[in-house]
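Encoded as structure tokens, the structure appears first; notes follow it.
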Amino acid sequence: GFRWRWLAGLTLALAMSFLAGFPAVTTVVFASSLGLACLLAVLRRAPPRLVLWTAAATIWAGLLSSVQLLPALELARLSTAYSRGQFAGTGGGVPLVALVSLVIPNHHQIFDLSRYKLPWNPTFLYLYCGLAGLGCALIGLIGSPSRYRTPLALAAMGAALWMLGESTPVGRTVFLWLPAALRSPLYAEFAMVAFQLAMAALAALGSERLLTGRRAAFPIALVVLAAVDLIAAGSSRIMNTFRIQDEPAVSLAEFEGSAETLERVRALVNQTNPPARLESYRDSMRWANSAPMIGIPTAGGNDPLAPARILDVRRLFGRGQPWLRYWELADLDSRLPDLLNVRYLISWAPTAQPALEHPDWIRVADLPGHQIYENRRVLPRFFLVGRLHRAPDKQAALSALRSPEFDPRKEAIVEGHLPSVSSPGAAGQVRVLAYELREILLETEAPAPAFLVTSESYYPGWRAWIDDRPAELLLTNVAFRGLAIPAGRRRIRMRFEPAILWLGLTLSVLATGGLAGALYRG
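Below you can see the structure in the form of structure tokens.
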């Protein structure tokens with residue numbers, strides 16, 4: 021029968037999947053949960069209302085995690101996430117040859133990458149759940165008298181088909197049938213977790229069949245055997261271990277094994293407030309990956325939820341593939357890095373020979389394995405211009421930004437209504453009073469109305485005030501914040517106050533209250 025406590029427990033478990041923040045696995049968790057509920061109902065192992073209660077738990081879990089889920093959905097909507105499905109091929113997934121690893125974990129030499137020759141990610145070729153576990157699962161599949169044997173077997177088969185993805189005609193056909201927006205969060209290989217869980221459930225049925233009526237020593241021996249087998253096969257492997265000597269990592273104290281590199285780069289960028297931005301050129305992607313951790317700002321990144329407009333701008337001067345979120349600087353002549361406050365460029369340099377030669381990029385430092393170049397044309401994060409151009413949409417703004425006639429020092433491109441600016445010459449000065457993650461304080465001084473240009477991302481939730489009076493932030497230069505400034509000395513404040521966070525928090529609090537009530541009633 022129905023139990024409030026059971027519903028609350030399922031809700032909490034599903035909410036934890038939301039809060040884990042990994043959409044590919046979350047999709048598998050919810051789809052497999054609803055799928056199992058449907059199997060149990062269709063096979064009459066549970067009443068049909070189980071499907072409704074599972075759906076209710078899914079919705080409740082979404083409400084419970086709204087404080088994180090709603091901002092994440094907003095970010096996903098503004099990022100490249102929904103377009104990624106256009107480049108997903110025929111579905112990916114675990115190759116058929118991986119099934120051999122259910123019996124022989126190192127059949128394809130995945131534990132020694134120097135001997136591994138196959139084209140797939142080697143971690144996709146490890147399905148080993150132990151010989152004891154596999155044997156118990158087969159016993160459960162063949163000999164268990166449990167009424168749940170059939171639905172669990174079907175669940176394992178369904179998860180296996182999903183996991184194998186494009187390796188089967190069914191997986192390939194279903195994936196290509198889906199719209200691009202639904203393909204984006206689907207990574208077939210992560211259905212491996214549902215397959216392994218179904219195998220574990222079948223193994224539980226098999227061990228029940230095998231051990232019922234036997235002495236207590238038999239279950240203990242089976243557990244020890246399974247544990248030793250799994251630890252011996254999977255411990256200290258490429259899936260969970262690497263040697264720092266072989267692949268130096270990035271930390272707060274070192275960059276790829278060098279403390280000097282990190283200290284000297286920090287000293288360079290921190291000469292200004294806010295710190296100047298660093299760009300890599302034929303160098304490690306880790307400068308972008310680890311920027312928030314090491315405290316060295318970049319004008320890019322390598323984030324699965326990278327803002328789409330930022331990437332649109334970077335594509336104008338960078339190189340990369342359409343489906344990638346990391347675009348490295350390629351065009352040293354472009355004026356756009358100047359606009360993005362890229363003051364320093366770091367390049368891999370194994371010898372003393374110059375890594376690059378360009379009149380506007382001056383070599384200023386030699387680091388272990390790297391060279392630093394300073395941009396002579398760099399613009400500050402905040403400055404005033406006196407000339408504006410209106411763009412009706414993003415594509416028009418990108419075309420204007422790409423134009424060789426565009427001069428970021430003197431003009432800006434604004435989408436939406438065009439404010440009145442009457443100082444095409446010298447526009448004035450900007451002083452940074454405070455720069456924090458959620459709040460920025462500036463002081464401007466201009467002889468006539470001017471326009472404040474920033475290289476700070478335009479994003480819902482940012483608000484602005486001029487002399488403590490609300491002002492409208494305008495979408496500027498495709499992806500950034502801009503603000504019309506009156507003449508004279510003005511105090512500007514920008515603060516991040518996302519309304520969607522408070523909406524999500526309210527829903528989460530209400531859902532948590534309901535969860536507590538359900539547990540109490542249960």
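The sequence shown runs 21 to 542 under my numbering.
Glycine residues also receive a C-beta, built at the ideal position from the N, C-alpha and C atoms.
Remark: fewer than three beta-carbon pairs, one from each stretch, lie closer than 8 Å, so the segment 60-69 and the segment 114-130 are not flagged as touching. Looking at the backbone, the Cα of residue 122 and that of residue 215 are separated by about 12 Å.
Residue 211 sits in a helix when the DSSP states are folded into three classes. Measuring C-alpha to C-alpha distances from residue 244 to each of 422, 152, 280 identifies 152 as the nearest. The Cβ neighbour count for residue 307, taken over all protein chains shown within 10 Å, is at least 16; the residue is labelled buried. In the displayed model, residue 130 falls within coil according to three-state DSSP, outside both helix and strand.
With fewer than three CB-CB distances shorter than 8 Å, the segment 248-265 does not count as touching the segment 359-371. In this structure, residue 169 keeps its C-beta atom at 8 Å or more from the C-beta atom of residue 231. In this structure residue 540 is exposed. Its beta-carbon is surrounded by fewer than 16 other beta-carbon atoms within 10 angstroms. Put simply, the backbone Cα of residue 130 is about 14 Å away from that of residue 119. Going by C-alpha positions, residue 402 is about 12 Å away from residue 432.
Looking at the backbone, the Cα of residue 317 and that of residue 103 are separated by about 27 Å. Exposure of residue 437 is indicated by the presence of fewer than 16 other C-beta atoms within 10 angstroms of its C-beta. Bridge partners of residue 438 according to DSSP: none are assigned. With a 10 Å radius around the Cβ and a threshold of 16 neighbouring Cβ atoms, residue 22 comes out exposed. In the three-state reduction of the DSSP assignment, residue 372 falls in the coil class, being assigned neither a helical nor a strand state. For residue 294, the three-state secondary structure derived from DSSP is coil. Around the beta carbon of residue 476, a 10 Å sphere encloses 16 or more other beta carbons of the protein chains shown; the residue is thus reported as buried. An exposed status is given to residue 351, since fewer than 16 other beta-carbon atoms sit within 10 Å of its beta-carbon. Straight-line spacing of the CA atoms in residue 328 and residue 314 works out to 24 Å. Three or more Cβ pairs closer than 8 Å define a contact, and the segment 204-214 meets that threshold against the segment 43-56. Runs of the beta strand (DSSP E) lying entirely within the segment 359-430 and spanning at least 3 residues, in chain order: 362-368, 381-387, 390-395, 402-405, 407-411. Pairing residue 83 with residue 251, the inter-Cα distance amounts to about 39 Å. For residue 452, the enclosing beta strand (DSSP E) has its first and last residue at 449-455. With contacts defined as CB atoms closer than 8 Å, residue 294 and residue 319 fail to qualify as a contacting pair.
Excluding the 5 residues flanking it on each side, residue 491 has same chain C-beta neighbours closer than 7 Å at 484, 485, 503, in chain order. Under the criterion of beta carbons closer than 8 Å, residue 227 and residue 242 qualify as touching, at roughly 7 Å.
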